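> Residue numbers (our numbering), protein chains in the order written: chain A, 6 to 257; chain L, 626 to 957.
Okay, here's the structure, questions in a sec.
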């Protein structure tokens, strides 16, 4: 379990307490600038806050050395900079750096991820020549390569960026499968329909604060979502599956 | 495959080393035994052998520190001079030649020893200054190192210009010749220093090659993969500075090798530092032996400064790289 308290960072973040249970997918929803990425980067230790307590299975995450932390926590950030011509295979395998995997285990993980993310034909391609969506899938694969051997944490900031419809579904299905290994996933996404389908629990963020949290029935309603995005959101109940959402215009 | 490439390059290095040793006016026919006091033996052991070794080791150090600087800045077009080391070393050397320091020379034991020491320290000090100032702005931003480095480089170049302006004719000629790069002053003492540095720099960089690869993913990504950013950054800066400062101190400014060699080698090894660094070292050694050999052949019995040759070859090479890069990006 990840438990967090005292996250106050200037005016960008104000979260008094947060608990994430193992084996669940948490989805962070909110408009641009709501503090979602700040929350993730603070939890990942990229930004530090005096007095903040971030504990994972009773160990202080902020007190761990960077290499120990990298063994239990894998993070996808939004910015990816690379100006050297590594192959896709090399980039994905870099994810295994902090783990102590045998070559064979690395190979198995690589094959599994490449197959699920349709990267197999791209493995020997030069990363710099890929399209944005292909690069995004490579980075998702690299981060999932880094997933802890024991149940651990996986944070992803907008993993679905630049992906097409099928690939978005592919990534979410893969994440669900990874979740079943016991990992805790915290994802920032903008697609409400996929969120409703794959999320176990939701955090709605606005102006640095979590304004609502809970499962789909508790928080994914028209009133909350309309307030969150400052635009009217309509919820369409579907008898067979998760609810659908669409934005219908400004709040008058 | 890998070991075959390394074997072939080592063989090439040996051949070029042998070729370099044969160049010169004095025929080596007749006794080469170290103890012999024949002219051939003297020339071979006191001039040619140390010179070839200094050239080889300088090539190794420049190529490897070039690769390291490109990794440090996460930019394949970067060069060690960006952290100010070459400009600092050159400034110290020119200042010493122009302003003189008779009392110090007597104390250290002549200019031949004082000059490399001053130059080496100048290079290290200026790099330290760049790093201190860049640190002030933000914790570990590479952009601030780059910007501060450019400013300090400009100041050092201006000071060198001013010093040359006030210099007398002999000092001006000396300083200018030194700045063009040459191996004519090589001796066994330099061979010793450079071999130790080459082993340390190359060994430590190869030892941290997997971390250097991860470093290339970017600041945040490297940290999230468990890299101690500060330690790795300082290691790279330290090794690059030591390597470049020593070469500049002994042989002057030899441009473009640090940029060219890693680029060339990446064409067949790719950017993986584990493969790149050892082969860049070998190719750097080969290239410098060729450059030194040619510098002594083209206008024999006189010789050209080797830095002129590397720049003559390096400039067009750099333009070709830019051209290919733009064409690949679809701008041509």
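Note that beta-carbon positions come from the ideal geometry of N, C-alpha and C, so glycine has one too.
Keep in mind it's a predicted model, so treat the numbers as computed, not measured.
1) Whose C-beta lies closer than 8 Å to the C-beta of residue 862 (chain L) among residues of the same chain, with five residues either side of it excluded?
2) Using a Cβ-Cβ cut-off of 8 Å, state whether residue 843 (chain L) counts as contacting chain A.
3) How far does the beta strand (DSSP E) with residue 60 (chain A) in it extend, from its first residue to its last?
4) Would you list, in sequence order, the uninterrupted beta strand (DSSP E) runs of no fewer than 3 residues that lie entirely inside the region 29-103 of chain A?
5) Can you pull the chain A neighbours of residue 701 (chain L), defined as C-beta to C-beta under 8 Å?
6) Are the CB atoms of residue 194 (chain A) and residue 32 (chain A) within a distance shorter than 8 Å?
7) Could you have a look at residue 704 (chain L) and say whether DSSP puts it in helix, strand or coil?
8) Please state whether DSSP places residue 648 (chain L) in a helix, a strand or coil.
9) Would DSSP call residue 865 (chain L) helix, strand or coil?
10) Could you tell me which uninterrupted alpha helix (DSSP H) segments, each at least 4 residues in length, are contained entirely in the region 760-831 of chain L, listed from first to last along the chain?
11) Using a Cβ cut-off of 8 Å, pull out every chain L residue sitting near residue 51 (chain A), in sequence order please.
12) Of the residues L:804, L:901, L:884, L:911, which one's Cα is nearest the Cα of residue 717 (chain L)?
13) Got a sec: is the Cβ-Cβ distance from residue 164 (chain A) to anything in chain L below 8 Å?
14) In or out: residue 5 (chain A) buried (at least 16 other Cβ within 10 Å) or exposed?
15) Can you name the residues of chain L whose CB is closer than 7 Å to the CB of residue 72 (chain A)?
16) Quick check: residue 741 (chain L) and residue 883 (chain L), are their CB atoms within less than 8 Å of each other?
17) Skipping 5 residues on each side, what residues in its chain have a beta carbon closer than 8 Å to that of residue 850 (chain L)?
18) Can you grab the Cα-Cα spacing for the pair residue 937 (chain L) / residue 695 (chain L), in whole Å?
19) Tell me which same chain residues have a C-beta within less than 6 Å of the C-beta of residue 646 (chain L), skipping the five on either side of it?
20) Return the residue from the list L:898, L:854, L:922, L:864 that minimises the CA-CA distance to residue 748 (chain L).
21) Nearest to residue 163 (chain A) by CA position, among A:27, A:42, A:12, is which residue?
22) Check distances from the C-beta atoms of the region 879-911 of chain L to those of chain A and list, in chain order, the residues that come in under 8 Å.
23) Starting from residue 669 (chain L), trace the alpha helix (DSSP H) both ways and give me its first and last residue.
24) If you run the structure through DSSP and keep just helix, strand and coil, what is residue 873 (chain L)?
25) Let's test the definition: count the other Cβ atoms within 10 Å of the Cβ of residue 251 (chain A) and tell me whether it reaches 16, buried, or not, exposed.
26) Indicate whether at least one CB of chain L lies closer than 8 Å to the CB of residue 246 (chain A).
27) Provide the residue span of the alpha helix (DSSP H) that contains residue 846 (chain L), from first to last.
28) Who are the Cβ neighbours of residue 12 (chain A) in its own chain at under 7 Å, not counting the five residues just before and after it?
29) I think residue 806 (chain L) touches residue 879 (chain L), with their Cβ atoms under 8 Å apart; what is that distance to the nearest whole Å?
30) Going along chain L in order, which residues have a C-beta closer than 9 Å to the C-beta of residue 82 (chain A)?
31) Against chain L, which members of the region 102-130 of chain A pass a CB distance test of less than 8 Å?
32) So residue 819 (chain L) and residue 679 (chain L) are supposed to be a Cβ contact under 8 Å. How far apart are they, rounded?
33) Could you give the DSSP three-state label for residue 108 (chain A): helix, strand or coil?
34) Report the neighbours of residue 95 (chain A) on chain C: residues whose CB is nearer than 7 Å to its CB, in chain order.
35) If you measure from the beta carbon of residue 838 (chain L) to each beta carbon in chain A, is any gap under 8 Å?
36) Give every residue of the same chain whose Cβ lies closer than 6 Å to the Cβ of residue 743 (chain L), excluding the five residues on either side of it in the sequence, and list them in chain order.
This is what the structure gives:
1) 697, 708, 752, 756
2) yes
3) 58-61
4) 30-34, 58-61, 78-81
5) 88, 89
6) yes
7) coil
8) coil
9) helix
10) 767-791, 794-804
11) 845, 848, 849
12) L:804
13) no
14) Because chain A here runs from 6 to 257, residue 5 (chain A) falls outside it and cannot be looked at.
15) 851
16) no
17) 839, 842
18) 22 Å
19) 673, 677
20) L:864
21) A:42
22) 891, 895, 896, 897
23) From DSSP, residue 669 (chain L) is part of no alpha helix (DSSP H); its letter is neither H nor E.
24) helix
25) exposed
26) no
27) 844-849
28) 18, 20, 47, 54, 57
29) 4 Å
30) 843, 845, 846, 849
31) 102, 103
32) 6 Å
33) helix
34) The structure shown has no chain C; the protein chains it does contain are A and L.
35) yes
36) 717, 721
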